[in-house]
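**Student:** Each number in the numbering used here comes from the position in the sequence shown (counting from 1) with 146 added on.
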Amino acid sequence: MNADDGPIALPSHVAGSGTLDRLVDTARDYAKASTADNTNKAYAADWKHFARWCRMKGAEPLPPSPEMIGLYLTDLATPTGLSVSTIDRRLSGLAWNYAQRGFTLDRKNRHIATVLAGIKRKHARPPVQKEAILPENILAMVATLPFDIRGLRDRAILLLGYAGGLRRSEIVSLDVGKDDTPDSGGWIEIIEGKDGGALLTLNAKTGWREVEIGRGSSDQTCPVHALEQWLHFARIDFGPVFVRTSRDGKRALEDRLNDKHVVRLIKSTVLKSGIRAELPEKDRLALFSGHSLRAGLASSAEVDERYVQKQLGHASAEMTRRYQRRRDRFRVNLTKAAGL
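(1) Per DSSP, T391 is paired with what?
(2) Taking buried to mean at least 16 other C-beta atoms within 10 Å of its own C-beta, is V416 buried or exposed?
(3) Give me the Cα-Cα distance between K413 and P212, rounded to the nearest whole angstrom.
(4) How about R247 and D192: do their beta carbons lie closer than 8 Å?
(5) Work out the CA separation of L156 and S163 for me, nearest whole Å.
(6) Which class does N349 belong to by DSSP, given the choice of helix, strand or coil?
(7) Please go through the same chain and pick out, in chain order, the residues whose beta-carbon is closer than 8 Å to the beta-carbon of D120, but skip the five residues on each side of it.
(8) Could you work out which residue in A188, S392, D405 is closest to D294 when comparing CA atoms only?
(9) Tell me, to the nearest whole angstrom, how far the beta carbon of T419 is from that of A286; I am working on the premise that it is less than 8 Å.
(10) Can you check DSSP and say which residues form a bridge with A344?
(11) Assuming H269 is part of the alpha helix (DSSP H), what are its boundary residues?
(12) From which residue to which residue does the alpha helix (DSSP H) around L166 run?
(13) Is it buried or exposed, P210, if we count other Cβ atoms within 10 angstroms and call 16 or more buried?
(14) By the DSSP assignment, the alpha helix (DSSP H) with G216 in it spans what residues?
(15) Return the CA-CA distance between I154 and K396, expressed in angstroms with no decimal places.
(16) For Y244, count the other beta carbons within 10 Å of its own beta carbon; 16 or more makes it buried, fewer makes it exposed. Which is it?
(17) In the DSSP assignment, what residue or residues form a beta bridge with D321?
(18) Output the distance between the C-alpha atoms of R381 and I233, rounded to the nearest integer angstrom.
(19) Please list, in chain order, all residues of the same chain as D221 whose beta carbon is under 8 Å from its beta carbon, the five residues on each side excluded.
(20) Identify the residues that DSSP records as bridge partners of W193: which are they?
(21) Going by DSSP, what residue range makes up the alpha helix (DSSP H) through D300?
(22) Measuring alpha carbon to alpha carbon, tell me which residue in L480, R168, L443 is nearest G311.
(23) Could you tell me the distance, in whole angstroms, from the CA atom of A309 to the CA atom of T367?
(24) Which residue wins for smallest C-alpha separation from R361, given the options P207, T352, A372?
(25) Taking the alpha carbon of L403 as the point to measure from, which residue in T327, F434, V318, L433 has its own alpha carbon closest?
(26) Tell whether a beta-carbon distance below 8 Å holds between V408 and G307.
(27) Under the three-state reduction of DSSP, which class applies to W199: helix, strand or coil?
(28) In the DSSP output, which residue or residues are listed as bridge partners for W354?
(29) What does the Cβ neighbour count give for W354, buried or exposed, with the cut at 16 atoms within 10 Å?
(30) Helix, strand or coil for L285 per DSSP?
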């Protein structure tokens, strides 16, 4: 069963009609939009994997069986040993998929809860965090880029993503103006003047928020200037801000960039700039991801923590601290404060 076929439908006692069928289709679109595209893809993959596992064991995925799900989680933990966070995510994906099909998965059922608790107790490890891109890193990275159209675009992506503490999905979902495209995730407004900057209105993971990106100390490192240069020379005044370019990198096309481009860009410029050159290439690539931009801002901005929290769109200061890779850990010494 496809998730789109079951959860949103007419009651069995109501006859279908053209108008009602169109409303059902629209309601399904809204239901799909309730979670991010990447989340939808992950949940779909989770269900596909679980359904295949059930078939191989001679069982059916529907209706939900806590006993079978407990065995599935056990199989995920051994022998290949998926990380605990991945196993937990898989379980969330199953719960979501069951809900879309009209079922409720009781995660507190002993066949699920006790097995998951045991997996966490036995296999849990501290989270592996991606390395932060620090100020000297971002400068070295943008210095590797050429000054053709593609280089102008990629320079704007890196500097805007860094200064805004943006998620990769937030970067590529930006439009020039409000309501330019149906798939827009926000829009930009450039405020002129030396005290101006770029105001980004984002429909992000935690809801709508505004991100203020001020002008830098020089044009070479200013994210707003980089954005203006890209929009000007790419002749973009409507629709997606960041689009694909021609093969020769000299002409902007119409299609919106995929968020995977941000990751590829970060990794390629990290290699070209020689960051962490003492490590093998494979290890260097594994250290950095799209989150490295957000972690870089959180770790480097020498301002009150609440301003960083607001910029990143975090609901709590604790979440912001998880992004801070370097900070004065013992600045507040509770040992001495306690009289020792």
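Glycine residues also receive a C-beta, built at the ideal position from the N, C-alpha and C atoms.
**Tutor:** Inspection of the coordinates gives the following:
(1) Reading the sequence shown from its first residue, position 245 is the one you call residue 391. According to DSSP, T391 bridges with A398.
(2) Counting from 1 along the sequence shown, the entry for residue 416 is found at position 270. Result: buried.
(3) For this step, residue 413 is matched to residue 267 along the sequence shown. For this step, residue 212 is matched to residue 66 along the sequence shown. So the two alpha carbons sit approximately 41 Å from each other.
(4) As a first step, residue 247 is located in the sequence shown; it is residue number 101 there, counting from the start. As a first step, residue 192 is located in the sequence shown; it is residue number 46 there, counting from the start. No, Cβ-Cβ distance for R247 and D192 is not below 8 Å.
(5) The count along the sequence shown starts at 1 and reaches residue 163 at position 17. The count along the sequence shown starts at 1 and reaches residue 156 at position 10. Their backbone Cα atoms lie some 10 Å apart in a straight line.
(6) Translated into positions along the sequence shown, residue 349 becomes position 203. N349 falls in the strand class under three-state DSSP.
(7) Lying outside 147 to 486, the shown extent of the chain, residue 120 is not represented and no answer is given.
(8) As a working note, residue 294 is residue 148 in the sequence shown. Among A188, S392, D405, the Cα nearest to that of D294 belongs to S392.
(9) Sequence index remark: in the sequence shown, residue 419 carries index 273 (1-based). Sequence index remark: in the sequence shown, residue 286 carries index 140 (1-based). One point to set straight first is that residue 419 is Ser, not Thr, in the sequence displayed. Rounded, the Cβ-Cβ distance is 4 Å, consistent with contact.
(10) Locating residue 344 in the sequence shown gives position 198, counting from the first residue. The partner list for A344 (beta bridge, DSSP) reads I336, I359.
(11) Locating residue 269 in the sequence shown gives position 123, where the first residue counts as 1. Unbroken alpha helix (DSSP H) run through H269: 256–269.
(12) Position 20 of the sequence shown, counted from the first residue, corresponds to residue 166. Note, L166: alpha helix (DSSP H), 164–179.
(13) In the sequence shown, counting from the first residue as 1, residue 210 sits at position 64. Buried, since its Cβ has 16 or more Cβ neighbours within 10 Å.
(14) Here residue 216 is taken as the residue at index 70 of the sequence shown, counted from 1. From DSSP, the alpha helix (DSSP H) with G216 extends over 212–223.
(15) Counted from its first residue, the sequence shown places residue 154 at position 8. Counted from its first residue, the sequence shown places residue 396 at position 250. Near 46 Å, if we compare the C-alpha coordinates of K396 and I154.
(16) Counted from its first residue, the sequence shown places residue 244 at position 98. With 16 or more other Cβ atoms within 10 Å, it is buried.
(17) Your numbering for residue 321 matches position 175 in the sequence shown. Partner(s): W333, P386.
(18) On the sequence shown, residue 381 is found 235 positions in, with the first residue counted as 1. On the sequence shown, residue 233 is found 87 positions in, with the first residue counted as 1. Taking the straight line joining both Cα atoms gives about 46 Å.
(19) The residue given as residue 221 occupies position 75 in the sequence shown. So the list reads W199, once near-sequence residues are dropped.
(20) Here residue 193 is taken as the residue at index 47 of the sequence shown, counted from 1. In the DSSP output, where bridge partners are listed per residue, W193 has none listed.
(21) For the purposes of this step, residue 300 is taken as the residue at position 154 of the sequence shown. That run of the alpha helix (DSSP H) goes 295–310.
(22) Counted from its first residue, the sequence shown places residue 311 at position 165. Out of L480, R168, L443, L443 has the C-alpha closest to the C-alpha of G311.
(23) Within the sequence shown, residue 309 is the residue found at index 163, counting from 1. Within the sequence shown, residue 367 is the residue found at index 221, counting from 1. One C-alpha to the other measures close to 10 Å.
(24) Taking the sequence shown and counting its residues from 1, the one referred to as residue 361 is at position 215. If we check each option's Cα against that of R361, A372 comes out closest.
(25) Locating residue 403 in the sequence shown gives position 257, counting from the first residue. Closest by alpha carbon: V318.
(26) Counted from its first residue, the sequence shown places residue 408 at position 262. Counted from its first residue, the sequence shown places residue 307 at position 161. A contact, by the Cβ cut-off of 8 Å.
(27) Taking the sequence shown and counting its residues from 1, the one referred to as residue 199 is at position 53. Helix at W199.
(28) Within the sequence shown, numbered from 1, the residue matching residue 354 stands at position 208. Answer is N349, bridged to W354.
(29) On the sequence shown, residue 354 is found 208 positions in, with the first residue counted as 1. The residue is exposed, with fewer than 16 neighbouring Cβ atoms inside 10 Å.
(30) Taking the first residue of the sequence shown as 1, we reach residue 285 at position 139. Helix.
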